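Here's the structure we're looking at; comments come further down.
In the numbering used here, the protein residues as written are 26 to 459.
Dropping the structure here:
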(Lines of atoms letter the chains of each structure in order from A and count residues from 1; the text may use other names and numbers.)
(Lines give C-alpha, C1' and ligand atoms only; values in the text may rest on other atoms or scores of the structure.)
Protein backbone atom coordinates (compact mmCIF):
# COMPACT_ATOMS: atom_id res chain seq x y z
CA UNK A 1 0.00 0.00 0.00
CA UNK A 2 2.76 2.46 0.93
CA UNK A 3 4.64 1.67 -2.29
CA UNK A 4 1.47 2.14 -4.34
CA UNK A 5 0.97 5.53 -2.67
CA UNK A 6 4.60 6.43 -3.41
CA UNK A 7 4.14 5.53 -7.06
CA UNK A 8 0.90 7.52 -7.28
CA UNK A 9 2.36 10.62 -5.64
CA UNK A 10 5.47 10.50 -7.84
CA UNK A 11 3.21 10.89 -10.87
CA UNK A 12 1.18 13.68 -9.22
CA UNK A 13 1.83 16.95 -11.06
CA UNK A 14 0.84 19.38 -8.30
CA UNK A 15 2.69 20.58 -5.21
CA UNK A 16 2.86 18.14 -2.32
CA UNK A 17 3.21 18.84 1.40
CA UNK A 18 3.28 15.81 3.67
CA UNK A 19 4.23 14.82 7.22
CA UNK A 20 5.92 11.44 7.65
CA UNK A 21 8.37 9.46 9.78
CA UNK A 22 8.99 6.92 6.98
CA UNK A 23 12.59 7.39 5.74
CA UNK A 24 12.13 5.58 2.42
CA UNK A 25 8.86 7.41 1.73
CA UNK A 26 10.49 10.80 2.37
CA UNK A 27 13.55 9.93 0.27
CA UNK A 28 11.34 8.81 -2.62
CA UNK A 29 9.15 11.93 -2.74
CA UNK A 30 10.75 14.99 -1.18
CA UNK A 31 13.00 17.60 -2.75
CA UNK A 32 12.76 19.94 0.26
CA UNK A 33 12.57 19.31 4.00
CA UNK A 34 10.78 21.74 6.33
CA UNK A 35 12.11 21.23 9.84
CA UNK A 36 10.62 22.46 13.10
CA UNK A 37 13.40 22.30 15.68
CA UNK A 38 13.54 24.01 19.09
CA UNK A 39 11.15 26.76 18.05
CA UNK A 40 12.88 27.40 14.72
CA UNK A 41 11.70 26.75 11.17
CA UNK A 42 14.50 25.54 8.88
CA UNK A 43 14.46 24.64 5.18
CA UNK A 44 16.79 22.06 3.62
CA UNK A 45 17.00 21.20 -0.08
CA UNK A 46 16.93 17.51 -0.96
CA UNK A 47 15.60 14.28 0.51
CA UNK A 48 15.92 12.98 4.07
CA UNK A 49 19.40 11.52 3.58
CA UNK A 50 20.59 14.85 2.19
CA UNK A 51 18.83 16.70 5.03
CA UNK A 52 20.65 14.63 7.68
CA UNK A 53 24.02 15.45 6.10
CA UNK A 54 23.20 19.15 5.65
CA UNK A 55 21.90 19.44 9.22
CA UNK A 56 25.15 18.03 10.59
CA UNK A 57 27.25 20.29 8.34
CA UNK A 58 25.16 23.35 9.29
CA UNK A 59 25.65 22.60 12.97
CA UNK A 60 29.44 22.19 12.59
CA UNK A 61 29.69 25.43 10.54
CA UNK A 62 27.66 27.37 13.12
CA UNK A 63 29.70 25.87 15.96
CA UNK A 64 32.97 26.86 14.28
CA UNK A 65 31.68 30.44 13.71
CA UNK A 66 30.58 30.61 17.36
CA UNK A 67 34.00 29.42 18.60
CA UNK A 68 35.83 31.96 16.39
CA UNK A 69 33.63 34.78 17.68
CA UNK A 70 34.10 33.71 21.31
CA UNK A 71 37.85 33.65 20.78
CA UNK A 72 37.71 37.18 19.29
CA UNK A 73 35.54 38.43 22.19
CA UNK A 74 38.00 37.07 24.77
CA UNK A 75 40.93 38.59 22.90
CA UNK A 76 39.27 42.03 22.72
CA UNK A 77 38.15 41.89 26.35
CA UNK A 78 41.68 41.03 27.46
CA UNK A 79 43.10 43.97 25.47
CA UNK A 80 40.52 46.36 26.98
CA UNK A 81 41.07 45.14 30.54
CA UNK A 82 44.86 45.24 30.22
CA UNK A 83 45.39 48.53 28.35
CA UNK A 84 42.45 50.72 29.41
CA UNK A 85 44.12 51.72 32.71
CA UNK A 86 47.26 52.79 30.82
CA UNK A 87 46.83 56.39 29.49
CA UNK A 88 49.25 55.78 26.65
CA UNK A 89 47.09 52.95 25.23
CA UNK A 90 43.61 54.03 26.35
CA UNK A 91 42.58 55.29 22.88
CA UNK A 92 43.40 51.89 21.38
CA UNK A 93 41.49 50.24 24.19
CA UNK A 94 38.47 52.44 23.40
CA UNK A 95 38.68 51.36 19.74
CA UNK A 96 38.63 47.74 20.84
CA UNK A 97 35.68 48.53 23.10
CA UNK A 98 33.69 49.88 20.14
CA UNK A 99 34.58 46.83 18.09
CA UNK A 100 33.49 44.56 20.95
CA UNK A 101 30.17 46.42 21.18
CA UNK A 102 29.56 45.84 17.45
CA UNK A 103 30.29 42.13 17.87
CA UNK A 104 28.03 41.89 20.93
CA UNK A 105 25.25 43.51 18.92
CA UNK A 106 25.48 40.71 16.31
CA UNK A 107 26.51 38.00 18.71
CA UNK A 108 26.21 34.42 17.47
CA UNK A 109 24.26 32.14 19.79
CA UNK A 110 25.88 28.84 20.62
CA UNK A 111 24.26 26.25 18.30
CA UNK A 112 22.56 23.32 19.98
CA UNK A 113 21.82 19.83 18.77
CA UNK A 114 18.50 18.18 19.47
CA UNK A 115 19.43 15.36 21.80
CA UNK A 116 17.46 12.20 22.34
CA UNK A 117 16.82 11.77 26.05
CA UNK A 118 15.65 8.19 25.55
CA UNK A 119 18.16 5.39 26.13
CA UNK A 120 16.89 1.89 25.37
CA UNK A 121 18.69 -1.21 26.62
CA UNK A 122 17.22 -4.64 25.87
CA UNK A 123 18.57 -7.71 27.65
CA UNK A 124 18.25 -11.37 26.75
CA UNK A 125 20.45 -13.92 25.05
CA UNK A 126 20.23 -17.03 22.89
CA UNK A 127 23.28 -18.70 21.39
CA UNK A 128 23.59 -17.90 17.70
CA UNK A 129 22.70 -20.92 15.58
CA UNK A 130 20.57 -22.61 18.25
CA UNK A 131 17.17 -23.52 16.77
CA UNK A 132 14.47 -21.59 18.58
CA UNK A 133 11.25 -22.16 16.66
CA UNK A 134 10.14 -24.59 13.95
CA UNK A 135 7.03 -23.84 11.89
CA UNK A 136 5.83 -26.67 9.67
CA UNK A 137 3.05 -26.42 7.06
CA UNK A 138 1.11 -23.97 9.24
CA UNK A 139 -2.29 -22.63 8.17
CA UNK A 140 -3.74 -19.62 9.98
CA UNK A 141 -7.06 -17.81 9.92
CA UNK A 142 -10.49 -17.90 11.47
CA UNK A 143 -13.42 -19.60 9.73
CA UNK A 144 -11.31 -19.97 6.57
CA UNK A 145 -7.52 -19.84 5.98
CA UNK A 146 -5.79 -16.49 5.51
CA UNK A 147 -2.41 -18.11 4.80
CA UNK A 148 -1.53 -21.75 4.16
CA UNK A 149 1.77 -23.63 4.05
CA UNK A 150 3.89 -21.45 6.34
CA UNK A 151 7.30 -23.08 6.83
CA UNK A 152 10.20 -21.53 8.74
CA UNK A 153 13.15 -22.54 10.89
CA UNK A 154 14.14 -19.73 13.27
CA UNK A 155 17.45 -19.62 15.13
CA UNK A 156 19.15 -17.68 17.91
CA UNK A 157 19.88 -14.03 16.97
CA UNK A 158 17.74 -14.25 13.81
CA UNK A 159 16.06 -10.95 12.89
CA UNK A 160 12.89 -11.76 10.97
CA UNK A 161 10.69 -9.18 9.24
CA UNK A 162 7.05 -10.22 8.89
CA UNK A 163 5.55 -8.30 5.99
CA UNK A 164 2.58 -8.19 3.65
CA UNK A 165 -0.27 -5.93 2.63
CA UNK A 166 -3.00 -4.88 5.08
CA UNK A 167 -5.24 -7.83 5.86
CA UNK A 168 -2.73 -10.41 4.61
CA UNK A 169 -2.55 -12.12 8.01
CA UNK A 170 0.50 -10.66 9.80
CA UNK A 171 -1.19 -9.94 13.14
CA UNK A 172 -3.17 -13.20 12.89
CA UNK A 173 0.15 -15.02 12.47
CA UNK A 174 1.60 -13.36 15.57
CA UNK A 175 -1.51 -14.14 17.64
CA UNK A 176 -1.37 -17.75 16.46
CA UNK A 177 2.29 -18.05 17.53
CA UNK A 178 1.40 -16.66 20.95
CA UNK A 179 -1.53 -19.07 21.32
CA UNK A 180 -4.10 -16.26 21.42
CA UNK A 181 -6.00 -17.83 18.52
CA UNK A 182 -5.89 -21.51 17.46
CA UNK A 183 -4.00 -22.65 14.37
CA UNK A 184 -6.07 -24.22 11.60
CA UNK A 185 -3.48 -26.90 10.83
CA UNK A 186 0.26 -27.60 10.89
CA UNK A 187 2.81 -27.38 13.70
CA UNK A 188 4.36 -24.63 15.83
CA UNK A 189 7.22 -26.02 17.90
CA UNK A 190 9.07 -23.72 20.33
CA UNK A 191 12.39 -25.43 21.08
CA UNK A 192 13.24 -23.17 24.01
CA UNK A 193 11.45 -22.13 27.18
CA UNK A 194 8.78 -19.60 26.21
CA UNK A 195 10.53 -16.53 27.57
CA UNK A 196 8.89 -14.26 25.00
CA UNK A 197 8.34 -10.52 25.08
CA UNK A 198 5.39 -9.21 23.04
CA UNK A 199 4.62 -5.67 21.97
CA UNK A 200 1.19 -5.18 20.39
CA UNK A 201 0.43 -2.39 17.94
CA UNK A 202 -2.72 -1.27 19.80
CA UNK A 203 -1.16 -1.07 23.32
CA UNK A 204 -3.65 -3.62 24.69
CA UNK A 205 -1.26 -4.61 27.48
CA UNK A 206 -1.66 -1.20 29.13
CA UNK A 207 -4.20 -0.55 31.89
CA UNK A 208 -5.65 2.78 30.75
CA UNK A 209 -7.04 3.64 34.20
CA UNK A 210 -3.61 3.63 35.88
CA UNK A 211 -1.01 6.39 36.02
CA UNK A 212 2.36 5.85 34.34
CA UNK A 213 4.04 5.35 37.72
CA UNK A 214 1.35 3.01 39.08
CA UNK A 215 1.49 0.86 35.95
CA UNK A 216 5.19 0.08 36.39
CA UNK A 217 4.94 -0.13 40.18
CA UNK A 218 2.18 -2.76 39.94
CA UNK A 219 4.37 -4.89 37.65
CA UNK A 220 7.52 -4.46 39.75
CA UNK A 221 6.34 -4.03 43.37
CA UNK A 222 9.82 -4.80 44.77
CA UNK A 223 11.34 -1.76 43.03
CA UNK A 224 11.74 1.41 45.08
CA UNK A 225 9.82 4.50 43.98
CA UNK A 226 13.09 6.20 43.08
CA UNK A 227 14.19 3.30 40.88
CA UNK A 228 10.92 3.50 38.94
CA UNK A 229 11.17 7.30 38.58
CA UNK A 230 14.77 6.99 37.36
CA UNK A 231 13.84 4.27 34.87
CA UNK A 232 10.92 6.26 33.46
CA UNK A 233 13.18 9.31 33.10
CA UNK A 234 15.40 7.28 30.74
CA UNK A 235 12.38 6.98 28.44
CA UNK A 236 11.51 10.66 28.37
CA UNK A 237 9.01 10.79 31.27
CA UNK A 238 9.42 13.59 33.80
CA UNK A 239 8.30 13.42 37.44
CA UNK A 240 5.13 15.33 36.45
CA UNK A 241 4.51 13.00 33.50
CA UNK A 242 4.58 9.99 35.84
CA UNK A 243 1.32 11.19 37.43
CA UNK A 244 -0.56 11.22 34.11
CA UNK A 245 -3.30 8.70 33.42
CA UNK A 246 -2.33 6.31 30.64
CA UNK A 247 -5.60 6.95 28.78
CA UNK A 248 -4.53 10.60 28.34
CA UNK A 249 -1.16 9.76 26.77
CA UNK A 250 -0.37 10.23 23.10
CA UNK A 251 0.32 7.20 20.91
CA UNK A 252 4.07 7.87 21.09
CA UNK A 253 4.02 8.13 24.89
CA UNK A 254 2.14 4.83 25.18
CA UNK A 255 4.66 3.11 22.94
CA UNK A 256 7.57 4.52 24.98
CA UNK A 257 5.93 3.25 28.17
CA UNK A 258 5.57 -0.27 26.73
CA UNK A 259 9.22 -0.23 25.65
CA UNK A 260 10.24 1.06 29.11
CA UNK A 261 8.42 -1.87 30.72
CA UNK A 262 9.86 -4.37 28.22
CA UNK A 263 13.44 -3.36 29.04
CA UNK A 264 12.96 -4.39 32.68
CA UNK A 265 12.60 -8.04 31.61
CA UNK A 266 15.15 -10.52 30.25
CA UNK A 267 13.46 -11.81 27.10
CA UNK A 268 15.23 -14.30 24.84
CA UNK A 269 12.66 -13.85 22.04
CA UNK A 270 10.94 -10.58 21.15
CA UNK A 271 7.81 -10.38 18.98
CA UNK A 272 7.09 -6.79 18.03
CA UNK A 273 3.92 -5.78 16.15
CA UNK A 274 4.40 -2.33 14.56
CA UNK A 275 6.91 -1.09 17.19
CA UNK A 276 7.62 2.17 15.33
CA UNK A 277 3.99 3.35 15.36
CA UNK A 278 3.81 6.92 16.72
CA UNK A 279 7.58 7.15 17.35
CA UNK A 280 9.50 10.18 16.09
CA UNK A 281 12.67 9.80 14.00
CA UNK A 282 15.10 10.06 16.91
CA UNK A 283 13.27 7.54 19.09
CA UNK A 284 12.97 5.16 16.13
CA UNK A 285 16.72 5.38 15.61
CA UNK A 286 17.34 4.73 19.31
CA UNK A 287 15.03 1.68 19.16
CA UNK A 288 16.78 0.48 15.99
CA UNK A 289 20.21 0.75 17.65
CA UNK A 290 18.94 -1.09 20.75
CA UNK A 291 17.42 -3.91 18.68
CA UNK A 292 20.63 -4.28 16.67
CA UNK A 293 22.52 -4.67 19.96
CA UNK A 294 19.95 -7.11 21.39
CA UNK A 295 21.37 -10.64 21.77
CA UNK A 296 18.11 -12.57 21.48
CA UNK A 297 15.85 -13.52 18.56
CA UNK A 298 13.58 -10.94 16.94
CA UNK A 299 10.37 -11.24 14.96
CA UNK A 300 9.15 -7.83 13.80
CA UNK A 301 5.92 -6.89 12.02
CA UNK A 302 6.27 -3.47 10.40
CA UNK A 303 5.48 -1.36 7.33
CA UNK A 304 8.64 0.72 7.86
CA UNK A 305 10.96 -0.52 5.11
CA UNK A 306 14.00 1.50 6.21
CA UNK A 307 13.67 0.18 9.78
CA UNK A 308 13.37 -3.43 8.59
CA UNK A 309 16.19 -3.16 6.05
CA UNK A 310 18.51 -1.79 8.73
CA UNK A 311 17.53 -4.51 11.23
CA UNK A 312 16.35 -7.78 9.70
CA UNK A 313 18.30 -10.50 7.89
CA UNK A 314 15.29 -12.67 6.95
CA UNK A 315 11.82 -11.94 5.58
CA UNK A 316 8.57 -13.84 6.06
CA UNK A 317 6.27 -12.31 3.44
CA UNK A 318 2.54 -13.03 3.05
CA UNK A 319 1.29 -12.62 -0.50
CA UNK A 320 -1.80 -13.94 -2.24
CA UNK A 321 -2.57 -16.35 0.67
CA UNK A 322 0.93 -17.87 0.52
CA UNK A 323 4.01 -17.43 2.72
CA UNK A 324 7.52 -16.78 1.37
CA UNK A 325 10.51 -17.22 3.69
CA UNK A 326 13.57 -15.41 2.35
CA UNK A 327 17.17 -15.09 3.59
CA UNK A 328 18.09 -11.44 3.15
CA UNK A 329 16.54 -8.02 3.77
CA UNK A 330 13.31 -6.60 2.34
CA UNK A 331 14.89 -4.63 -0.52
CA UNK A 332 16.65 -7.78 -1.80
CA UNK A 333 13.45 -9.79 -1.42
CA UNK A 334 11.48 -7.20 -3.38
CA UNK A 335 14.01 -7.14 -6.22
CA UNK A 336 14.53 -10.90 -6.42
CA UNK A 337 11.06 -12.27 -5.58
CA UNK A 338 8.22 -9.84 -4.89
CA UNK A 339 8.39 -7.79 -8.11
CA UNK A 340 8.07 -11.01 -10.16
CA UNK A 341 5.14 -12.26 -8.04
CA UNK A 342 3.27 -8.98 -8.44
CA UNK A 343 3.96 -8.95 -12.20
CA UNK A 344 2.53 -12.48 -12.50
CA UNK A 345 -0.66 -11.48 -10.68
CA UNK A 346 -1.09 -8.42 -12.91
CA UNK A 347 -0.60 -10.58 -16.02
CA UNK A 348 -3.20 -13.07 -14.78
CA UNK A 349 -5.68 -10.26 -14.23
CA UNK A 350 -5.13 -8.92 -17.75
CA UNK A 351 -5.46 -12.35 -19.36
CA UNK A 352 -8.49 -13.51 -17.36
CA UNK A 353 -11.83 -13.10 -19.15
CA UNK A 354 -13.69 -10.05 -17.91
CA UNK A 355 -17.11 -10.60 -16.45
CA UNK A 356 -19.73 -8.75 -18.38
CA UNK A 357 -22.63 -7.28 -16.49
CA UNK A 358 -25.88 -8.32 -18.02
CA UNK A 359 -27.86 -5.27 -18.83
CA UNK A 360 -31.53 -5.65 -18.00
CA UNK A 361 -33.72 -4.41 -20.82
CA UNK A 362 -37.45 -4.26 -20.94
CA UNK A 363 -39.64 -4.67 -23.95
CA UNK A 364 -42.60 -2.31 -23.77
CA UNK A 365 -44.89 -5.24 -24.47
CA UNK A 366 -43.36 -7.34 -21.64
CA UNK A 367 -44.61 -7.26 -18.08
CA UNK A 368 -42.13 -5.36 -15.86
CA UNK A 369 -40.46 -7.53 -13.18
CA UNK A 370 -39.99 -5.69 -9.87
CA UNK A 371 -37.43 -6.48 -7.12
CA UNK A 372 -38.54 -8.37 -4.03
CA UNK A 373 -38.02 -5.25 -1.87
CA UNK A 374 -40.52 -2.42 -2.10
CA UNK A 375 -39.37 1.00 -3.26
CA UNK A 376 -39.85 2.38 0.26
CA UNK A 377 -37.73 -0.40 1.81
CA UNK A 378 -34.95 0.19 -0.72
CA UNK A 379 -34.92 3.93 0.03
CA UNK A 380 -34.83 3.23 3.79
CA UNK A 381 -31.90 0.84 3.36
CA UNK A 382 -30.06 3.36 1.17
CA UNK A 383 -30.50 6.05 3.83
CA UNK A 384 -29.09 3.74 6.53
CA UNK A 385 -26.12 2.80 4.34
CA UNK A 386 -25.42 6.47 3.58
CA UNK A 387 -25.45 7.22 7.32
CA UNK A 388 -23.10 4.33 8.11
CA UNK A 389 -20.79 5.29 5.25
CA UNK A 390 -20.64 8.87 6.52
CA UNK A 391 -19.77 7.61 10.02
CA UNK A 392 -17.00 5.38 8.64
CA UNK A 393 -15.51 8.31 6.71
CA UNK A 394 -15.46 10.33 9.96
CA UNK A 395 -13.92 7.44 11.91
CA UNK A 396 -11.17 7.04 9.31
CA UNK A 397 -9.99 10.57 10.19
CA UNK A 398 -9.53 9.73 13.89
CA UNK A 399 -5.97 9.18 15.17
CA UNK A 400 -6.84 6.02 17.11
CA UNK A 401 -8.13 4.54 13.82
CA UNK A 402 -5.60 5.65 11.20
CA UNK A 403 -2.71 4.83 13.56
CA UNK A 404 -3.92 1.20 13.85
CA UNK A 405 -3.60 -0.93 10.72
CA UNK A 406 -6.10 -3.45 12.12
CA UNK A 407 -8.80 -0.82 12.72
CA UNK A 408 -8.13 0.74 9.31
CA UNK A 409 -8.39 -2.67 7.68
CA UNK A 410 -11.71 -3.48 9.40
CA UNK A 411 -13.27 -0.12 8.52
CA UNK A 412 -12.12 -0.06 4.90
CA UNK A 413 -13.42 -3.61 4.43
CA UNK A 414 -16.82 -2.57 5.80
CA UNK A 415 -16.70 0.53 3.60
CA UNK A 416 -16.27 -1.64 0.49
CA UNK A 417 -19.13 -3.93 1.56
CA UNK A 418 -21.45 -0.94 2.01
CA UNK A 419 -20.49 0.52 -1.38
CA UNK A 420 -21.21 -2.82 -3.08
CA UNK A 421 -24.57 -3.17 -1.32
CA UNK A 422 -25.41 0.48 -2.09
CA UNK A 423 -24.71 -0.03 -5.79
CA UNK A 424 -26.94 -3.11 -5.86
CA UNK A 425 -29.81 -1.26 -4.16
CA UNK A 426 -29.45 1.67 -6.57
CA UNK A 427 -29.85 -0.73 -9.50
CA UNK A 428 -33.07 -2.03 -7.90
CA UNK A 429 -34.31 1.52 -7.40
CA UNK A 430 -33.68 2.31 -11.07
CA UNK A 431 -36.18 -0.38 -12.01
CA UNK A 432 -38.89 1.47 -10.06
CA UNK A 433 -37.77 4.85 -11.41
CA UNK A 434 -37.98 3.59 -14.99
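Quick reminder that beta carbons are idealized off the backbone N, C-alpha and C, glycines included. These numbers were taken from a predicted model, which means no experiment stands behind them.
Minimum C-alpha distance to residue 255 - residue among 74, 27, 144, 73: 144
Buried versus exposed call for residue 438 [16 or more other C-beta atoms within 10 Å across all chains shown]: exposed
beta-carbon residue 53 near the ligand PLP non-hydrogen atom, thresh 6 Å: In terms of ligand content, the structure shown is empty, and the ligand PLP therefore cannot be addressed.
Close-in-space but distant-in-sequence residues of the same chain around residue 116 (CB under 8 Å, 5 per side omitted): Result list for residue 116: empty, nothing under 8 Å.
Under the three-state DSSP convention, the category residue 282 falls into: helix
Minimum length 4: unbroken alpha helix (DSSP H) runs contained in the stretch 220-245: 237-244
Pick from 345, 310, 374 that is closest to residue 191, judged by C-alpha positions: 345
Contact under 7 Å by Cβ, residue 224 with residue 297: yes
Rounded C-alpha distance that separates residue 452 from residue 400: 12 Å
Which residues DSSP lists as bridging residue 210, in chain order: 164
Spatial neighbours of residue 27 in its chain, beta-carbon cut-off 8 Å, leaving aside the 5 residues before and after: 47, 50, 328, 330
Residue 267 burial status per 10 Å Cβ neighbour count (16 or more: buried): By the neighbour-count rule (16 or more Cβ atoms within 10 Å), residue 267 is buried.
Cβ-based neighbour list, residue 206, same chain, cut-off 6 Å, excluding 5 preceding and 5 following: The residues are 200.
Nearest-angstrom Cα separation, counted from residue 36 out to residue 68: Distance between the alpha carbons of residue 68 and residue 36: 24 Å.
CB contact below 7 Å: residue 85 versus chain C: Note that chain C does not occur in the displayed structure, where there is just one protein chain.
Exposure label - residue 371; buried when at least 16 CB within 10 Å: exposed
Cβ-Cβ distance between residue 164 and residue 211 below 7 Å: yes
Segment limits, alpha helix (DSSP H) that includes residue 409: 400-420
Own chain partners of residue 292 with C-beta closer than 7 Å, once the 5 adjacent residues on each side are dropped: 149, 220, 221, 222, 321
Residue 119 (DSSP reduced to helix, strand or coil): helix
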